[in-house]
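Position 19 of the sequence shown, counted from 1, bears residue number 19 in UniProt numbering, the numbering being contiguous throughout. First comes the structure, then the notes that go with it.
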Amino acid sequence: MTRPLRILVAEGGTVELRERHAAQSGRTPSAFYADILTTLGKDLGAEIETEICFPADEGAVLPDAAGLEGYDGVAITGSGLNLWKGERSSLAQVDFARAVFDAGVPIFGSCWGLQVAAAAAGGAVTRNPQGREVGIARSIRVTEAGRAAGLHQGRREVFDAPAIHSDEVSVLPEGATVTATNELCAVQAAEIRHGKGVFWGVQFHPEYTFAELGGILTRITPIMVEEGFFRAPEEAGKYVADLVALDEDPGRKDVAWRLGVAPSVLDPKVRRTELINWLGRVTAEASARGRA
């Protein structure tokens with residue numbers, strides 16, 4: 001009998017950030033991520049056991065090198081933190097990602113996860129001088145190197161995806177390959193080889209539902225108004241209401257048209273292409289090692 005795949009989900013937020021997220025969305029980012037991975041595993045015919053760790057927490061109990069090697073993969077969630085601030089809660093996550101690289105365990109990261117992995121491998125993260133990318137990231141283009149890699153297998157050459165970030169990977173580490181890019185963010189996705197490990201990650205959020213995205217936008221509505229995305233909170237409320245309506249009924253052509261959401265973004269399987277491809281890789285590597 002094959003054993004379940006063991007995936008460790010690293011929460012990117014502090015206690016305060018994740019409790020605030022759960023108060024709005026009902027779950028912490030790591031709990032939401034773990035649920036998505038479990039669901040995707042079932043779709044792939046793989047049983048997945050997820051565990052959650054909190055590297056941002058003071059005094060967090062984290063697996064050592066031997067403990068990390070017992071996992072088949074590690075996934076790093078998004079976060080409201082900023083690496084360029086140099087806070088302990090951020091730098092501790094960089095150290096954790098470095099340990100995962102050294103253990104040789106496959107890593108995936110969304111948004112913050114990509115930034116943390118890049119920093120762990122020697123790169124740099126700064127504010128995006130073009131400002132925040134929020135809602136739906138448009139016209140993400142798979143690079144020539146990306147077409148040859150497995151991360152975006154099954155993607156159109158140009159696609160849209162849910163996103164929300166104000167920072168970007170500004171300096172690539174050695175061993176990094178940009179696999180997707182767009183006008184607002186040069187590093188929309190990357191493969192990073194460092195130590196004994198390989199990271200696949202994206203600056204967008206393939207795991208998000210429209211309702212999850214709407215919950216985040218509700219919390220940051222004052223920032224969105226201040227930055228000029230909406231003229232008033234009421235406009236933000238209408239946008240979020242449309243996102244929730246689209247989540248409840250993806251067939252709402254009127255809402256999809258109003259928000260400019262492409263059919264490929266409406267399809268959860270297509271939207272989560274990169275996560276699905278990573279899980280396929282994790283499964284294949286576990287089988288090759290005789291662990292699945």
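C-beta atoms are modelled at their ideal positions from N, C-alpha and C, and glycine is treated no differently. Since the model is a prediction, treat every value here as computed from it, not as a measurement.
The beta strand (DSSP E) enclosing residue i, as first and last residue numbers
i, result
"residue 194", "189 to 194"
"residue 127", "124 to 127"
Per DSSP, the bridge partner or partners of residue i
i, result
"residue 163", "135"
"residue 108", "75 and 200"
"residue 10", "53 and 76"
"residue 296", "Shown here, the chain extends from 1 to 292; a query on residue 296 therefore has no answer."
"residue 227", "In the DSSP output, where bridge partners are listed per residue, residue 227 has none listed."
"residue 37", "Note: residue 37 sits in no beta bridge, so no partner."
"residue 5", "48"
"residue 168", "126"
Residue-level contact to chain D via CB, residue i, 8 Å cutoff
i, result
"residue 274", "Included in the structure is just one protein chain, with no chain D present."
Integer-rounded CB distance, given that residue j should sit under 8 Å from residue i
i, j, result
"residue 10", "residue 55", "6 Å"
"residue 206", "residue 252", "With a Cβ gap of about 21 Å, residue 206 and residue 252 do not count as contacting."
"residue 12", "residue 81", "7 Å"
"residue 258", "residue 242", "6 Å"
"residue 175", "residue 152", "Contact doesn't hold; Cβ gap of about 19 Å is too wide."
"residue 225", "residue 233", "6 Å"
Distance CB(residue i)-CB(residue j) smaller than 8 Å
i, j, result
"residue 227", "residue 131", "yes"
"residue 188", "residue 140", "yes"
"residue 137", "residue 117", "no"
"residue 68", "residue 286", "no"
Outcome for residue i when other beta-carbon atoms lying within 10 angstroms are tallied against a minimum of 16
i, result
"residue 173", "buried"
"residue 274", "buried"
"residue 100", "buried"
"residue 76", "buried"
"residue 216", "buried"
"residue 36", "buried"
Residue span of the alpha helix (DSSP H) that contains residue i, given as start and end
i, result
"residue 269", "268 to 271"
"residue 234", "233 to 248"
"residue 18", "15 to 25"
"residue 212", "210 to 219"
"residue 66", "65 to 68"
"residue 98", "88 to 103"
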